[in-house]
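Protein chains: 2
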Amino acid sequence: MTDDTKWLNAEESAAWVRLIAVAELLPGALDAQLLRDAGLTHFEYVALMALADAPSRTMRMTELASRTNATLPRLSHVARRLEERGLIRRFPCPEDRRATNATITEAGLDLMAEAAPGHVDTVRANVFDALTAEQLEQLYVIAGAVLAKLDPDERLTATSCQFSEGPVVRTLAG
Amino acid sequence: MTDDTKWLNAEESAAWVRLIAVAELLPGALDAQLLRDAGLTHFEYVALMALADAPSRTMRMTELASRTNATLPRLSHVARRLEERGLIRRFPCPEDRRATNATITEAGLDLMAEAAPGHVDTVRANVFDALTAEQLEQLYVIAGAVLAKLDPDERLTATSCQFSEGPVVRTLAG
DNA sequence: GCAAATAAGTTGTCCCGTCAACTATTGCGG
DNA sequence: CCGCAATAGTTGACGGGACAACTTATTTGC
Numbered sequence: 009m010t011d012d013t014k015w016l017n018a019e020e021s022a023a024w025v026r027l028i029a030v031a032e033l034l035p036g037a038l039d040a041q042l043l044r045d046a047g048l049t050h051f052e053y054v055a056l057m058a059l060a061d062a063p064s065r066t067m068r069m070t071e072l073a074s075r076t077n078a079t080l081p082r083l084s085h086v087a088r089r090l091e092e093r094g095l096i097r098r099f100p101c102p103e104d105r106r107a108t109n110a111t112i113t114e115a116g117l118d119l120m121a122e123a124a125p126g127h128v129d130t131v132r133a134n135v136f137d138a139l140t141a142e143q144l145e146q147l148y149v150i151a152g153a154v155l156a157k158l159d160p161d162e163r164l165t166a167t168s169c170q171f172s173e174g175p176v177v178r179t180l181a182g
Numbered sequence: 009m010t011d012d013t014k015w016l017n018a019e020e021s022a023a024w025v026r027l028i029a030v031a032e033l034l035p036g037a038l039d040a041q042l043l044r045d046a047g048l049t050h051f052e053y054v055a056l057m058a059l060a061d062a063p064s065r066t067m068r069m070t071e072l073a074s075r076t077n078a079t080l081p082r083l084s085h086v087a088r089r090l091e092e093r094g095l096i097r098r099f100p101c102p103e104d105r106r107a108t109n110a111t112i113t114e115a116g117l118d119l120m121a122e123a124a125p126g127h128v129d130t131v132r133a134n135v136f137d138a139l140t141a142e143q144l145e146q147l148y149v150i151a152g153a154v155l156a157k158l159d160p161d162e163r164l165t166a167t168s169c170q171f172s173e174g175p176v177v178r179t180l181a182g
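Chains as they are written, first to last, in the numbering used here: chain A, 9 to 182; chain B, 9 to 182.
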């Protein structure tokens with residue numbers, strides 16, 4: 009039986025098992041903490057953060073969907089729920105009346121301010137506390153190389169910094 | 009306003025954005041290819057692979073759930089569907105009559121043999137083709153360090169190698 | 001040995017995401 | 001300009017996963 013498939017060697021296989029395990033467990037860990045402490049899924053958190061970081065805290069639905077790797081129907085459902093909770097507001101775009109703009113509300117910003125510290129703690133506890141400075145740099149490079157394949161247009165990474173002294177914190181600081 | 013939260017610095021924030029993007033995109037890419045070419049989700053693929061690699065191609069439901077990071081109800085639903093498709097069989101465990109054993113069938117092994125090459129190709133195309141040998145080693149170490157936090161019991165990684173000349177391939181060759 | 005506690009699975013319900021269909025608006029070719 | 005394709009977004013139906021309730025079997029404690 010001929011087999012021209014280039015199977016993974018031992019090193020690749022071992023690394024793959026670990027990478028898959030991380031990709032499997034990390035979202036669950038983030039969701040669990042955010043749901044428990046702020047009633048938000050990680051997806052909702054990212055979407056709200058994207059709005060908070062946007063100019064005038066407003067973004068088109070299509071743009072937001074692209075940045076968060078969501079389909080438009082998914083984002084529409086999520087936006088409806090967030091709007092019902094008073095965390096965002098939607099209104100038709102003046103320039104293109106097909107489009108809808110979403111804005112994070114003050115209540116939304118308050119919730120983000122409340123949720124962010126616990127989330128950052130979780131990120132540290134699960135990831136960065138385990139890494140050296142050197143490994144942090146390596147992770148950045150490796151993830152970048154993989155993303156060049158998975159996300160060649162850089163839809164997900166074309167975002168301003170999310171956790172340092174960004175617009176949200178500035179907003180909170182007044 | 010005092011704030012004792014240790015926010016992410018620029019390097020950490022940049023690495024985090026990329027890591028989250030990978031964790032977000034990778035499962036979708038794997039699911040898409042496997043669903044298209046074999047009608048299997050990545051979760052089903054991993055579950056079948058775990059069975060194929062198990063001694064006598066059989067495993068307890070609880071053990072399989074633990075290895076695949078699934079709740080027991082979820083695995084039960086998935087197992088029912090896989091059984092309806094003739095890919096696995098379930099039968100009560102003789103030693104503990106509470107328990108259920110799952111076995112992958114010949115049809116299941118055939119499907120795995122059919123699906124594996126395309127899956128490995130996808131893994132290479134999206135991950136390993138982008139990495140140097142040095143980065144492969146770094147990825148292994150970094151993912152291991154993160155998993156020590158996320159999965160201290162090594163439930164997900166206590167598996168035999170999945171892609172090199174393992175039991176599945178031997179079964180196919182024999 | 002028996003009752004209570006625990007463990008293994010299954011089933012049903014609810015919620016979220018995907019897909020398909022639909023509306024409304026804009027852009028484009030003739 | 002006018003008709004048609006393309007774009008933006010919403011809605012409803014369907015399917016998968018989480019959670020709770022339940023059944024059955026085993027273990028533990030007395």
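For every residue, glycine included, the Cβ atom is placed at its ideal position computed from N, Cα and C.
Starting from P63 of chain A, trace the beta strand (DSSP E) in both directions and tell me its first and last residue. As a working mapping, residue 63 of chain A is identified with position 55 in the first sequence. Segment: none, P63 of chain A is in no beta strand (DSSP E) and carries neither H nor E.
Under 8 Å by Cβ, that's how I've got L90 of chain B and E52 of chain B pegged, so tell me the actual separation to the nearest angstrom. Taking the first residue of the second sequence as position 1, residue 90 of chain B is located at position 82. Taking the first residue of the second sequence as position 1, residue 52 of chain B is located at position 44. Sure, about 6 Å apart at Cβ, within 8 Å.
For R26 of chain B, name the three-state secondary structure that DSSP assigns. Against the second sequence, residue 26 of chain B aligns to sequence position 18. Assigned with DSSP and collapsed to three states, R26 of chain B falls in helix.
Starting from N109 of chain B, trace the beta strand (DSSP E) both ways and give me its first and last residue. Within the second sequence, residue 109 of chain B is the residue found at index 101, counting from 1. Element bounds for N109 of chain B: 108-112.
Which two residues bound the contiguous beta strand (DSSP E) that contains R97 of chain A? Stepping through the first sequence from its first residue, residue 97 of chain A is reached at position 89. Unbroken beta strand (DSSP E) run through R97 of chain A: 96-100.
So, with DSSP's three-state summary, where would you put K14 of chain B? For this step, residue 14 of chain B is matched to residue 6 along the second sequence. DSSP places K14 of chain B in coil when its eight states are reduced to three.
Near A23 of chain A, which residues of its chain fall below 8 Å by C-beta distance, leaving aside the five closest residues on each side in sequence? Counted from its first residue, the first sequence places residue 23 of chain A at position 15. Answer for A23 of chain A: no residue qualifies.
Do V202 of chain B and L16 of chain A have their C-beta atoms closer together than 8 Å? A question about residue 202 of chain B goes unanswered here, because the residues of chain B that appear run from 9 up to 182.
N- and C-terminal bounds of the alpha helix (DSSP H) containing E91 of chain B: Here the question's residue 91 of chain B lines up with position 83 in the second sequence. Boundaries of the alpha helix (DSSP H) around E91 of chain B: 80-92.
Excluding the five sequence neighbours on either side, which residues of its own chain have a C-beta within less than 7 Å of the C-beta of L164 of chain B, listed in chain order? In the second sequence, residue 164 of chain B corresponds to position 156, counting from 1. Answer for L164 of chain B: R75, N77, listed in chain order.
Starting from G47 of chain B, trace the alpha helix (DSSP H) in both directions and tell me its first and last residue. By one-based count along the second sequence, residue 47 of chain B stands at place 39. Counted as a single uninterrupted DSSP element, the stretch harbouring G47 of chain B is not any alpha helix (DSSP H), since DSSP gives it neither H nor E.
Is the region 95-106 of chain A touching the region 113-130 of chain B in the sense that three or more CB pairs, one from each, lie closer than 8 Å? By the Cβ rule, the region 113-130 of chain B does not count as touching the region 95-106 of chain A, because fewer than three pairs are nearer than 8 Å.
Could one say the Cβ of P81 of chain A lies closer than 8 Å to chain B's Cβ atoms, at least one of them? Taking the first sequence and counting its residues from 1, the one referred to as residue 81 of chain A is at position 73. By this cut-off, P81 of chain A is not an interface position.
How close, in whole Å, do the beta carbons of R98 of chain A and A110 of chain A come, if the pair is a contact with beta carbons under 8 Å? Taking the first sequence and counting its residues from 1, the one referred to as residue 98 of chain A is at position 90. Taking the first sequence and counting its residues from 1, the one referred to as residue 110 of chain A is at position 102. Contact flag correct, Cβ pair sits at about 5 Å.
Please name the residue, chosen from B:V25, B:D12, B:E145, B:S64, that lies closest to A151 of chain A on a Cα-to-Cα basis. What you label residue 151 of chain A is simply residue 143 of the first sequence in a count that begins at 1. Ranking the options by Cα distance to A151 of chain A, first place goes to B:V25.
Cβ of S21 of chain A within 7 Å of any heavy atom in the ligand SAM? For the ligand SAM, the structure offers nothing, since it holds no ligand at all.
Identify whether D159 of chain A lies in helix, strand or coil by the three-state DSSP scheme. Numbered from 1 along the first sequence, position 151 holds the residue referred to as residue 159 of chain A. Coil, per DSSP.
So, at 7 Å on beta carbons, what are the nonlocal neighbours of A55 of chain B in its own chain, with the 5 sequence-adjacent residues on each side left out? If you number the second sequence from 1, residue 55 of chain B lands on position 47. Excluding residues within five positions, the ones whose Cβ falls inside 7 Å are L72, T76, V86.
Nearest to I96 of chain A (by Cα), restricted to the options A:P35, A:G116, A:T79: As a first step, residue 96 of chain A is located in the first sequence; it is residue number 88 there, counting from the start. Of the candidates A:P35, A:G116, A:T79, A:G116 places its Cα closest to the Cα of I96 of chain A.
Starting from the Cα of A60 of chain A, find the closest Cα among A:T113, A:A138, A:G47, A:L139 and give me that residue. The count along the first sequence starts at 1 and reaches residue 60 of chain A at position 52. For A60 of chain A, the nearest C-alpha among the options comes from A:T113.
Cut-off 6 Å between Cβ atoms - residues of its own chain near T49 of chain A, not counting five sequence neighbours on either side: Position 41 of the first sequence, counted from the first residue, corresponds to residue 49 of chain A. Once the five neighbours on either side are set aside, the close Cβ partners of T49 of chain A are D39.
Run through DSSP, which three-state label would T70 of chain B get? Residue mapping note: residue 70 of chain B aligns to position 62 of the second sequence, counting from 1. In the three-state reduction of the DSSP assignment, T70 of chain B falls in the helix class.
Collapsed DSSP secondary structure at R132 of chain A in the structure displayed: Start at 1 with the first residue of the first sequence, and residue 132 of chain A comes out as number 124. In this structure, R132 of chain A counts as helix in the three-state DSSP scheme.
What are the residues of the region 16-30 of chain A that lie near chain B, defined by any Cβ-Cβ distance shorter than 9 Å? The region 16-30 of chain A vs chain B, Cβ under 9 Å: L16, N17, A18, E19, E20, S21, A22, A23, W24, V25, R26, L27, I28, A29, V30.
Which of helix, strand or coil DSSP assigns to P175 of chain A: The count along the first sequence starts at 1 and reaches residue 175 of chain A at position 167. Because P175 of chain A sits at a pLDDT of 47, beneath the cut-off of 50, its placement in the model cannot be relied upon, and the following sentence gives the value as read from the coordinates. In the three-state reduction of the DSSP assignment, P175 of chain A falls in the helix class, which pools H, G and I.
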